[in-house]
Amino acid sequence: MRITQGTFSFLPDLTDAEILAQLRYALAQGWAIGIETTDDPHPRNCYWEMWGNPLFDLRDPAGVMQELDACRRAHPHEYVRVNAFDSTLGFETTRLSFIVNRPADEPGFALRRTEDEGRRIRYTIESYATGAPQGRRYRSRDGGAG
Amino acid sequence: MNDVAPAGSASAVPVEVDLRALAADTQVHEVLEELDGALVGLQPVKARVREIAALLLVERARRQLGLSAGTPSLHMSFTGNPGTGKTTVALRMARILHRLGYVRKGHLVAVTRDDLVGQYIGHTAPKTKDVLKKAMGGVLFIDEAYYLHRPENERDYGQEAIEILMQVMENQRDDLVVILAGYADRMETFFRSNPGLSSRIAHHVEFPDYGAAELERIALQMLQTMQYRLSPSGLEALREYIPRRMRQPHFANARSVRNALDRARLRQASRLVASRDRPVSREDLMTIEAQDLRASRVFAGPAAPTGSEA
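Chain order of the listed sequences is G and B. Position 37 (the first sequence) corresponds to 37 in the working numbering; numbering is contiguous. Position 196 (the second sequence) corresponds to 196 in the working numbering; numbering is contiguous.
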């Protein structure tokens, strides 16, 4: 199941040229860009791992692409997203966030039902990928799924 | 001159390009003329800047005709004595390269050793890379670049910064232009001990010292932008002042002239404040008199060129 989080998530994956165009737009607005990765696809997981510090004071997206390529090389089987932060309010606000890398095979979510008091049913979702500990997810699947 | 393709050639690639139209298109002439007008002297530098501009223009024309020779390497080294205009030219160079479409943004990031080299192991690489990322799309100007190399300390982190720099200069020519600047003799030793760096720099530009007449023109230009003027006797004093200052130790060309003018402004101000008994006119506020310049310690020594004035 394809994860749809952030901007452009219902479009096909962005090409590098399209990512570059979005980054150029973000920098032209004066936004700082941060790169983050995770291997926990749950929609409530809002704390992704930062790839270095956010990139402040950049004028040209070439520097971001360089970091992005390094990040994708280091985490080829994880989700990587780009955030653009706007600081005009005096604190960094996310203005734009989109996924730029995803695992080859996304197994999707299981629906768990829990019986509660009085035969009430509580529902929760859980990714099939999070069965393995962090850092070891998605690895074994890549060989077969390509 | 026209760029109408001859009849019969229906291909999308034009057969000839009007260089003049292309130059007008990029408005590079404006920047070049500004360079000529705003900067006094520096003939070899201006000639080189014109050459580079011509090369980039031809490169653009070639690209329109589908010819490609790869991006020319435009990393430069600016060598010259203090106050000869290295930073000023670097700023203008960034704008010229931007007009000609060689760099995408045309901003100048000026750094020294402190901005590139870290304090401890593993600190240098991220620091240098951060600076490089900020300079992408523009020009990275490294002032006093020879401080990057400390021959007396083998384990100095400067070498690491040089290596990262060289890698980016080679692989990401489209993304940024690096300009190394410094005093001629020390840059030479620096390049001798880093031949790899030297060979990656296509343009070694030397900034000559200014003559007395050029310094005078610079001084007058500075006064004009500061909205001051010299009285006739003040101009005379300036003409005497410059050759004397040139013989003094630590003479830093245009920078010394600017400092001298700043001190003259100081003396003019205290003179005006001291003469409070009458109101000061606009004229008074603008004029620097001979006495403001002649109070300088430069006039304390003998007039003859002895070379030992302190």
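Even glycine gets a Cβ: it sits at the ideal position worked out from N, Cα and C.
Of all residues in the region 61-72 of chain B, none places a beta-carbon less than 7 Å from a beta-carbon of chain G. For the region 45-58 of chain G, the set of positions with a beta-carbon nearer than 9 Å to some beta-carbon of chain B reads G52, N53, L55, F56, D57 and L58 in chain order. In the same chain as F141 of chain B, and ignoring 5 residues on each side of it, the C-beta atoms closer than 6 Å to its own belong to A90, L108, A110 and I179, in chain order.
Counting only residues of its own chain and dropping the five nearest sequence neighbours on each side, D86 of chain G has a CB closer than 6 Å to the CB of W31, T93 and R95. Near chain G, meaning a CB-to-CB distance below 8 Å, the residues of the region 86-118 of chain B are R104, K105 and H107.
If you check each beta-carbon in the region 130-143 of chain B against every beta-carbon of chain G, the ones closer than 9 Å belong to D130, L132, K133, K134, A135, M136, G137 and G138. Under a criterion of Cβ atoms nearer than 9 Å, the residues of chain G adjacent to D175 of chain B are, in order, D60, A62, G63 and Q66.
Look at G52 of chain G here: in three-state DSSP terms it is coil, with no helix or strand label. Annotation for I121 of chain G: the continuous beta strand (DSSP E) segment containing it runs I121 to S127. Sixteen is the threshold: when 16 or more other Cβ atoms of the shown chains lie within 10 Å of the Cβ of N101 of chain G, as they do, the residue is buried. Ranked by how close their Cα comes to the Cα of A269 of chain B, the residues B:M286, B:R278, B:N259 and B:A254 have B:M286 in first place. Not one beta carbon of chain G lies nearer than 9 Å to the beta carbon of Q167 of chain B. The region 115-133 of chain B makes no contact with the region 47-66 of chain B: fewer than 3 CB pairs, one atom from each, lie closer than 8 Å.
A straight-line Cα-Cα distance of about 12 Å links V82 of chain G and L14 of chain G. Shown here, H75 of chain B sits in coil according to DSSP, grouped into three states, outside any helix or strand. L176 of chain B is positioned such that its CB atom lies closer than 9 Å to that of V139 of chain B. In this structure, I162 of chain B lies away from K129 of chain B, with their beta-carbon atoms at least 9 Å apart. Leaving aside the five residues that flank R48 of chain B on each side, the residues in its chain whose CB is nearer than 8 Å to its CB run, in chain order, H203 and V205. The beta carbons of L148 of chain B and F190 of chain B sit closer together than 9 Å. Not a single C-beta of chain G is nearer than 9 Å to the C-beta of Q227 of chain B. In this structure, the alpha-carbon of T88 of chain G lies about 40 Å from that of P72 of chain B.
Taking a beta-carbon distance threshold of 9 Å, P232 of chain B does not count as an interface residue toward chain G. Rounded to the nearest whole angstrom, the C-alpha separation of E36 of chain G and V80 of chain G is 6 Å.
Buried is the label assigned to C71 of chain G, since at least 16 other Cβ atoms lie within 10 Å of its Cβ.
Y210 of chain B sits close to G41 of chain B, with the two beta carbons spaced by under 9 Å. Distance between G101 of chain B and R92 of chain B, taken at the CA atoms: about 14 Å. Counting every other CB atom within 10 Å of its CB across the protein chains shown gives I121 of chain G a total below 16, marking it as exposed. Taking C-beta atoms as the reference points, Q291 of chain B and R263 of chain B fail to come closer than 9 Å. Sorting B:L293, B:T87, B:A252 and B:N259 by C-alpha distance to the C-alpha of R271 of chain B places B:L293 at the top. A direct Cα-to-Cα measurement between L111 of chain G and F56 of chain G gives close to 41 Å. Within its own chain, the residues whose Cβ lies closer than 7 Å to the Cβ of S256 of chain B, once the five positions on either side in sequence are excluded, are G83 and R245, listed in chain order. Taking 9 Å as the cut-off, the Cβ atoms of F299 of chain B and E216 of chain B do not count as close. As computed with DSSP, R113 of chain G is found in a beta bridge with G:Y123. Here E67 of chain G is buried. Its C-beta has 16 or more other C-beta atoms within 10 Å.
Judged by DSSP secondary structure, F85 of chain G falls within the beta strand (DSSP E) whose first and last residues are Y79 to D86. Separation of Q5 of chain G and A62 of chain G (C-alpha to C-alpha, rounded to the nearest whole angstrom) is 25 Å.
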